[in-house]
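Colleague: What follows is a structure written as structure tokens; I'll ask about it next.
Numbering (the numbering used here), first residue to last: 6 to 349.
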């Protein structure tokens with residue numbers, strides 16, 4: 006924690022008090038939360054960004070789409086549009102935001118919507134000609150106006166909410182006490198070989214309630230980088246001279262996975278809108294070599310950099326253990342809530 010953040014601690018107390026009071030008003034019913042008859046799963050975190058929400062949402066999409074009509078609803082962070090938008094063939098990262106457009110591009114059989122007002126977004130989805138069986142709320146743990154039926158809280162390994170402080174001293178958007186709303190807590194971005202002893206130590210630190218489930222996941226990197234219908238083996242790409250471009254919250258694992266000595270690494274802010282100046286700088290740094298970026302950045306850079314140079318590295322969320330139990334818990338919740346599917 007740097008010195009500036011330390012001296013801002015009194016503001017953390019003030020901010021924490023305001024957030025606590027807001028949550029208290031929702032908890033006691035002074036501020037109203039709205040619930041819906043269909044299953045609604047909220048995925049989020051207590052901190053600001055970098056916990057792997059998009060891979061977790063995609064995991065749920067893959068789990069559910071074979072049996073249910075799935076919709077995702079996001080705020081559409083940094084999109085240049087307002088109100089409710091349902092993704093269609095005319096949508097792009099500018100109108101939807103990068104992560105929702107990524108969902109739409111990868112999963113054409115689901116509905117992808119954005120609306121800062123999640124209550125209105127759900128109502129609009131339910132008015133559509135194709136009504137979803139289940140709605141996945143992206144980054145909605147603090148959106149108390151909608152009461153989801155199921156909450157998945159993410160916290161990153163090495164940056165646990167139990168070790169953090171409220172903004173602006175730390176990175177927490179609400180106090181650690183907010184974790185009590187979660188049905189499941191997933192410690193993300195773990196080393197794939199995280200030992201049972203280390204998992205037990207984290208469990209003791211998080212102090213979950215007896216009715217809450219705890220899982221540990223890691224980021225699984227694809228064996229290939231992609232550009233349209235082209236693909237290159239990651240092992241070969243690692244050995245090449247290249248430029249690595251990332252506009253995500255915590256790009257270090259991405260860089261560490263692909264870089265070799267002498268590679269150029271260009272870091273931008275999370276959800277960065279690349280300007281013409283940025284594009285020129287990337288092109289000049291590349292000098293004709295490959296440009297490898299994240300999947301989220303690719304949807305904003307595609308069409309603006311040479312197609313033969315620009316590639317992205319897909320990632321997935323994978324569980325260290327107990328994935329079957331996680332899947333069963335989610336499928337049971339959705340099956341029981343819809344009332345029209347058999348459950349385990």
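Beta carbons are placed, not taken as given, at the ideal position from N, Cα and C, and that holds for glycine.
What did DSSP end up calling residue 35 once you bin it into helix, strand or coil?
Modeller: Position 30 of the chain shown, counted from the start, is the residue given in the question as residue 35. Three-state DSSP puts residue 35 in coil, outside helix and strand.
Colleague: Please list, in chain order, all residues of the same chain as residue 150 whose beta carbon is under 7 angstroms from its beta carbon, the five residues on each side excluded.
Modeller: Indexing the chain shown from 1 puts residue 150 at position 145. Here the set comprises 38, 39, 123 and 124.
Colleague: Which of the three DSSP states is assigned to residue 50 in this structure?
Modeller: To locate residue 50, count along the chain shown from 1; it is residue 45. Reduced to three states, the DSSP call for residue 50 is strand.
Colleague: Roughly how many angstroms lie between the CA atoms of residue 76 and residue 8, to the nearest whole one?
Modeller: Translated into the one-based positions of the chain shown, residue 76 becomes position 71. Translated into the one-based positions of the chain shown, residue 8 becomes position 3. Residue 76 and residue 8: Cα-Cα distance of roughly 44 angstroms.
Colleague: Where does residue 169 sit, in a helix, a strand or coil, going by DSSP?
Modeller: By 1-based counting over the chain shown, the position of residue 169 is 164. DSSP places residue 169 in coil when its eight states are reduced to three.
Colleague: Given 8 angstroms as the limit, is there contact between the stretch 227-241 and the stretch 309-318, that is, 3 or more CB pairs closer than that?
Modeller: yes
Colleague: List the endpoints of the continuous alpha helix (DSSP H) containing residue 207.
Modeller: Sequence index remark: in the chain shown, residue 207 carries index 202 (1-based). From DSSP, the alpha helix (DSSP H) with residue 207 extends over 201-211.
Colleague: Quick one, which of 20, 279 and 152 has its alpha-carbon nearest residue 48's?
Modeller: To locate residue 48, count along the chain shown from 1; it is residue 43. Out of 20, 279 and 152, the CA that lies nearest to the CA of residue 48 is found in 152.
Colleague: Measuring alpha carbon to alpha carbon, tell me which residue in 103, 278 and 286 is nearest residue 271.
Modeller: Numbered from 1 along the chain shown, position 266 holds the residue referred to as residue 271. Of the listed residues, the one whose Cα sits closest to residue 271 is 286.
Colleague: Need the endpoints of the alpha helix (DSSP H) that residue 238 sits in, please.
Modeller: Position 233 of the chain shown, counting from 1, holds the residue named residue 238. It is not in any alpha helix (DSSP H) - residue 238 instead sits in the beta strand (DSSP E) that spans 235-238.
Colleague: Flag this pair as touching only if the stretch 295-311 and the stretch 251-261 have three or more C-beta atom pairs under 8 angstroms; answer yes or no.
Modeller: yes
Colleague: May I ask you to list the residues that DSSP assigns as paired with residue 229?
Modeller: On the chain shown, residue 229 is found 224 positions in, with the first residue counted as 1. Looking at the DSSP assignment, residue 229 forms a beta bridge with 238.
Colleague: Anyone know if the C-beta pair for residue 16 and residue 113 falls short of 8 angstroms?
Modeller: Translated into the one-based positions of the chain shown, residue 16 becomes position 11. Translated into the one-based positions of the chain shown, residue 113 becomes position 108. No, Cβ-Cβ distance for residue 16 and residue 113 is not below 8 angstroms.
Colleague: Excluding the 5 residues preceding and the 5 following residue 46 in the sequence, name in chain order all residues of the same chain whose CB lies nearer than 6 angstroms to its CB.
Modeller: Residue 46 sits at position 41 when you count from the first residue of the chain shown. Correct list, in chain order: 141 and 155.
Colleague: Determine the contact status of residue 143 and residue 74, defining contact as a CB-CB distance below 8 angstroms.
Modeller: Residue mapping note: residue 143 aligns to position 138 of the chain shown, counting from 1. Residue mapping note: residue 74 aligns to position 69 of the chain shown, counting from 1. No. Outside cutoff.
Colleague: Which word fits residue 171, buried or exposed, when buried means at least 16 other C-beta atoms lie within 10 angstroms of its C-beta?
Modeller: Along the chain shown, read from residue 1 onward, the residue named residue 171 stands at position 166. Residue 171 comes out buried.
Colleague: Leaving out five residues before and five after residue 345 in sequence, what residues of the same chain have Cβ atoms less than 7 angstroms from its Cβ?
Modeller: Counting from one through the chain shown, the residue named residue 345 turns up at place 340. The predicted position of residue 345 is uncertain, since its pLDDT is 46 and thus under 50; no value can be drawn from it.
Colleague: Can you tell me the Cβ-Cβ gap for residue 51 and residue 166, rounded? I've got them flagged as a contact below 8 angstroms.
Modeller: On the chain shown, residue 51 is found 46 positions in, with the first residue counted as 1. On the chain shown, residue 166 is found 161 positions in, with the first residue counted as 1. Indeed they touch by this definition, with Cβ atoms about 4 angstroms apart.
Colleague: For residue 159, which option in 193, 343 and 145 has the closest C-alpha, if you only look at C-alpha atoms?
Modeller: Position 154 of the chain shown, counted from the start, is the residue given in the question as residue 159. Nearest C-alpha to residue 159: 193.
Colleague: According to the Cβ coordinates, are residue 324 and residue 162 closer than 8 angstroms?
Modeller: One-based indexing of the chain shown puts residue 324 at position 319. One-based indexing of the chain shown puts residue 162 at position 157. No, they are not a contact pair.
Colleague: Is it the case that the stretch 208-218 contacts the stretch 183-190, given that we only count it when at least three CB pairs across the two stretches are under 8 angstroms?
Modeller: yes
Colleague: Please identify the residue among 104, 98 and 27 whose C-alpha is closest to the C-alpha of residue 54.
Modeller: The count along the chain shown starts at 1 and reaches residue 54 at position 49. That would be 104, whose Cα lies nearest to the Cα of residue 54.
Colleague: My output table needs one value for residue 135: the three-state DSSP class, helix, strand or coil.
Modeller: By one-based count along the chain shown, residue 135 stands at place 130. Here residue 135 sits in coil by DSSP.
Colleague: Less than 6 angstroms between C-beta atoms, sequence neighbours within five positions excluded: which residues of the same chain meet that for residue 349?
Modeller: Residue mapping note: residue 349 aligns to position 344 of the chain shown, counting from 1. Since pLDDT at residue 349 reaches only 38, below the 50 mark, its modelled position is unreliable, and the value read off the structure follows with that caveat. Counting only Cβ-Cβ distances below 6 angstroms, and skipping sequence neighbours, we find 333 and 337.
Colleague: Would you kindly work out how many angstroms separate the C-alpha atoms of residue 67 and residue 191, rounded to a whole number?
Modeller: The residue labelled residue 67 in the question sits at position 62 within the chain shown. The residue labelled residue 191 in the question sits at position 186 within the chain shown. Rounded to whole angstroms, residue 67 to residue 191 spans 17 angstroms at the Cα level.
Colleague: Relative to the C-alpha of residue 231, which candidate in 222, 318 and 328 has its C-alpha closest?
Modeller: Against the chain shown, residue 231 aligns to sequence position 226. Here the closest residue by C-alpha is 318.
Colleague: Note down, in chain order, each residue of its chain lying with its Cβ closer than 6 angstroms to the Cβ of residue 82, except the 5 sequence neighbours on either side.
Modeller: Residue 82 sits at position 77 when you count from the first residue of the chain shown. The residues are 102 and 276.
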